[in-house]
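Have a look at the structure below before the remarks.
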Amino acid sequence: MEVKTVNRVEPTLEDDGHPYIGGAWTPVFEEVDAHDLDCVGEIPTDISGVYVRNTENPVHQAIGTYHPFDGDGMLHAIHIRDGKASYRNRFVRTKGFLAEQEAGRALWAGIAANPKLSERPGWGAQGSLKDSSSTDVVVHAGNVVSTFYQCGEPYLLDPVTLEDKGIADWGPDEGISAHPKVDLKTGELLFFNYSKKAPYMRYGIVDKDNKLTHYVPIPLPGPRLPHDMAFTENYTIFNDLPLFWDPELLERDLHAARFYPELGTRFAIIPRYGSEEDIRWFKADPTFVLHWMNAYEEGDEIVLEGYFQEDPQPKPLKDVPQQWAQMMAYLDEHSMKPKLHRWRFNLKTGETQEEHLDERILEFGCFNRNFQGKKTRYLYSTTAKPGWFVFTGIVKHDFETGVSVELQFPDGEYLSEPCFVPRIGSTEEDDGYLITFTIDTNNDRSECVLLDARDIEAGPVCRIALPHRISSGTHAIWANSDEL
């Protein structure tokens, strides 16, 4: 392995025992290039592309209480081609990151701190946060697009070199939320944003040539906290979930989320290029959903799959330091209890049917994006460690047979959000691999692991060594070479 350190950022973090600044969440301060990565097993020659994962990676001691979603965005990317692999990692050089680098300290308070402690005006739906662009990542029109969950500017990077390419000129003043979607068939990027001002949500489309071609309101009753969206071949799906900022506290500029189950859940279904007048609203059981998976059209119905939280407002964790107990509960899947769930919206009758598909605690899934918007047979979900925001294994569901299989990683070794990697020239849905980065806290190292998507129980096809141990984080994307 040939490794070159291209930059080091000097941290001001203090060891105050925070549970999400050590262990699997230990940040990285070096930016490196690495080529000819060492591998146990053979790197497949029938895949070509890049796997990119976003990471919350704090540099400076927090103003007030630190929340892991406040960390600076850092992208980790492995490029695979002709059975060889190279790796790079880079901070996302947001306006906030650059300002704090110049100041040598934190300038913005995070979501768990008093926003009045921020030294400068902020970004996003809340209005006082640093846009750290540390949540999600997609590849569109030949660029990596890095985004922030509370709405920020779309930052662009080269998908192979991670060269900084600035802010997309199509980004609206309201910013965009994490989880824009790329339709591989049309090349379009679909996005949404949300704010504390009417209409409270907007929906946009950027075409394959990087031009904003559609931007319309999705009116909501008040400020909401949507996190994700979905689409079919002809429709786009948004949500009005009953967990949002307490309106009375919001009048005092306090941002505390509350669950209002009596309101139920609503879904907005709009034609791909529809307007406000074309929206169809559907009612469903109260919940909060972080992540949707696939959606598709089947007869008169729109079918949507995602992770239904049975307890969106969990009680603080026990047996942990009190100052972090509530924050840790909101990061713990075993507290929020997300279950794989399916909704069916009948466009003819206006009725909604829904059901759990699995009673296990599951989230952060993936599927073959070549089938996005069409009916899919397979889904791959992650399992999580009780009490912690780290992933421990993968469950593969076969919706046709009803069979599921599971692979658990060794204790102390955690995976990143996996992505499906189709074999070159494949036509069958599960003909490919799953790819993920691991954080091995036992041996202080990280690897890129590939699994045969048709036989995940067999374990890794290969383990590609990374030049350093990376931090845990949130979302990832695989893009084939023809997308780059």
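In our numbering, the protein residues as written are 5 to 488. Don't be surprised by glycine CBs; every beta carbon is placed ideally from N, CA and C.
Please report how far the alpha carbon of residue 346 lies from the alpha carbon of residue 380, in whole angstroms. On the sequence shown, position 342 is the one that residue 346 refers to. On the sequence shown, position 376 is the one that residue 380 refers to. In this structure, the straight-line span from the alpha carbon of residue 346 to that of residue 380 is close to 13 Å.
Taking residue 337 as part of the alpha helix (DSSP H), name the residues at either end of that continuous run. In the sequence shown, counting from the first residue as 1, residue 337 sits at position 333. Start and end: 337-340.
Residue 197 versus residue 335 - alpha carbon distance: Here residue 197 corresponds to residue number 193 of the sequence shown, with the count starting at 1. Here residue 335 corresponds to residue number 331 of the sequence shown, with the count starting at 1. Looking at the two C-alpha atoms, the distance is approximately 23 Å.
Given a threshold of 16 other Cβ atoms within 10 Å of its Cβ, counted over all protein chains shown, does residue 134 qualify as buried or as exposed? Counted from its first residue, the sequence shown places residue 134 at position 130. Per the 10 Å Cβ criterion, buried.
Classify residue 99 as helix, strand or coil using the three-state DSSP reduction. Translated into the one-based positions of the sequence shown, residue 99 becomes position 95. Correct three-state label for residue 99: helix.
Rounded to whole angstroms, what is the Cα-Cα separation between residue 110 and residue 130? Along the sequence shown, read from residue 1 onward, the residue named residue 110 stands at position 106. Along the sequence shown, read from residue 1 onward, the residue named residue 130 stands at position 126. Using only the alpha carbons, I get a separation of about 18 Å.
How many Å lie between residue 11 and residue 271 at the Cα? As a position in the sequence shown, residue 11 is number 7, starting the count at 1. As a position in the sequence shown, residue 271 is number 267, starting the count at 1. Spanning the two alpha carbons is a distance of roughly 45 Å.
Helix, strand or coil at residue 29 according to DSSP, with G and I counted as helix: Residue 29 sits at position 25 when you count from the first residue of the sequence shown. Helix.
Burial state of residue 104 (16 or more Cβ within 10 Å): One-based indexing of the sequence shown puts residue 104 at position 100. When all chains shown are included, residue 104 counts as buried.
Note the first and the last residue of the continuous alpha helix (DSSP H) segment covering residue 253. Reading the sequence shown from its first residue, position 249 is the one you call residue 253. Per DSSP, residue 253 is one residue of the alpha helix (DSSP H) stretching across 251-254.
Mind checking residue 407: buried by the 16 CB within 10 Å criterion, or exposed? If you number the sequence shown from 1, residue 407 lands on position 403. By the neighbour-count definition (other C-beta atoms within 10 Å, threshold 16), residue 407 is an exposed residue.
Got a sec, what are the start and stop residues for the beta strand (DSSP E) residue 374 sits in? Translated into the one-based positions of the sequence shown, residue 374 becomes position 370. Where residue 374 is concerned, there is no enclosing beta strand (DSSP E), given that its DSSP letter is neither H nor E.
Tell me whether residue 321 is buried or exposed, calling it buried when 16 or more other Cβ atoms sit within 10 Å of its Cβ. The residue labelled residue 321 in the question sits at position 317 within the sequence shown. Flag for residue 321 reads buried.
With a threshold of 16 other CB atoms inside 10 Å of the CB of residue 343, please say whether the residue is buried or exposed. Translated into positions along the sequence shown, residue 343 becomes position 339. Here residue 343 is buried. Its C-beta has 16 or more other C-beta atoms within 10 Å.
Out of 363, 92, 238 and 246, which one is the CA nearest neighbour of residue 227? In the sequence shown, the residue the question calls residue 227 occupies position 223. Of the candidates 363, 92, 238 and 246, the one whose C-alpha sits nearest the C-alpha of residue 227 is 246.
For the beta strand (DSSP E) containing residue 394, name the first residue and the last one. Residue mapping note: residue 394 aligns to position 390 of the sequence shown, counting from 1. It is not in any beta strand (DSSP E) - residue 394 carries neither H nor E in the DSSP assignment.
Have a look at residue 369 and residue 423 and give me their C-alpha separation to the nearest angstrom. In the sequence shown, residue 369 corresponds to position 365, counting from 1. In the sequence shown, residue 423 corresponds to position 419, counting from 1. If you take the alpha carbons of residue 369 and residue 423, they lie about 8 Å apart.
I need the straight-line Cα distance from residue 454 to residue 285, nearest angstrom please. In the sequence shown, the residue the question calls residue 454 occupies position 450. In the sequence shown, the residue the question calls residue 285 occupies position 281. In a straight line, the C-alpha of residue 454 is about 41 Å away from that of residue 285.
Report all residues from its chain with a CB closer than 6 Å to the CB of residue 39; omit the five preceding and five following residues, and keep chain order. By 1-based counting over the sequence shown, the position of residue 39 is 35. Answer for residue 39: 6 and 90, listed in chain order.
Excluding five sequence neighbours on each side, which residues of the same chain lie with their C-beta closer than 7 Å to the C-beta of residue 218? Translated into the one-based positions of the sequence shown, residue 218 becomes position 214. Residues of the same chain with a CB within less than 7 Å of the CB of residue 218, apart from the 5 flanking positions on each side, are 208, 209 and 277 in chain order.
Among 308, 397 and 223, nearest to residue 283 - alpha-carbon criterion: As a working mapping, residue 283 is identified with position 279 in the sequence shown. Cα-wise, what sits closest to residue 283 is 223.
Contacting residues, own chain, Cβ-Cβ under 6 Å from residue 348 (five flanking each side not counted): Translated into the one-based positions of the sequence shown, residue 348 becomes position 344. Result list for residue 348: 305, 307 and 357, in chain order.
Contact under 7 Å by Cβ, residue 298 with residue 393: Stepping through the sequence shown from its first residue, residue 298 is reached at position 294. Stepping through the sequence shown from its first residue, residue 393 is reached at position 389. Going by C-beta atoms, residue 298 is not nearer than 7 Å to residue 393.
Which two residues bound the contiguous beta strand (DSSP E) that contains residue 85? Residue 85 sits at position 81 when you count from the first residue of the sequence shown. Looking at the DSSP string, the run of the beta strand (DSSP E) that includes residue 85 is 77-85.
With DSSP as the reference, label residue 282 as helix, strand or coil. Translated into positions along the sequence shown, residue 282 becomes position 278. Three-state result, residue 282: helix.
Reduced DSSP secondary structure (H/G/I, E/B, other) of residue 122: In the sequence shown, counting from the first residue as 1, residue 122 sits at position 118. Here residue 122 sits in coil by DSSP.
Could you confirm whether any beta carbon from chain B is found closer than 7 Å to the beta carbon of residue 285? The structure shown contains no chain B; it holds only a single protein chain.
Judging by CA-CA distance, which residue of 257, 258, 72 and 29 is the nearest neighbour of residue 416? Here the question's residue 416 lines up with position 412 in the sequence shown. Checked all of 257, 258, 72 and 29; the closest Cα to residue 416 is 29.
Roughly how many whole angstroms lie between the Cα atoms of residue 275 and residue 195? The sequence position of residue 275 within the sequence shown is 271, counting from 1. The sequence position of residue 195 within the sequence shown is 191, counting from 1. C-alpha of residue 275 to C-alpha of residue 195: approximately 14 Å in a straight line.
C-beta atoms of residue 448 and residue 473 nearer than 7 Å: Counted from its first residue, the sequence shown places residue 448 at position 444. Counted from its first residue, the sequence shown places residue 473 at position 469. Cβ distance < 7 Å, so residue 448 and residue 473 count as in contact.
On the CB-based measure, 16 or more other CB atoms within 10 Å of its CB, does residue 225 come out buried or exposed? For the purposes of this step, residue 225 is taken as residue 221 along the sequence shown, with counting starting at 1. Residue 225 counts as exposed, since fewer than 16 other C-beta atoms from the protein chains shown sit within 10 angstroms of its C-beta.
Nearest-angstrom Cα separation, counted from residue 255 out to residue 189: For the purposes of this step, residue 189 is taken as residue 185 along the sequence shown, with counting starting at 1. For the purposes of this step, residue 255 is taken as residue 251 along the sequence shown, with counting starting at 1. Distance between the alpha carbons of residue 189 and residue 255: 44 Å.
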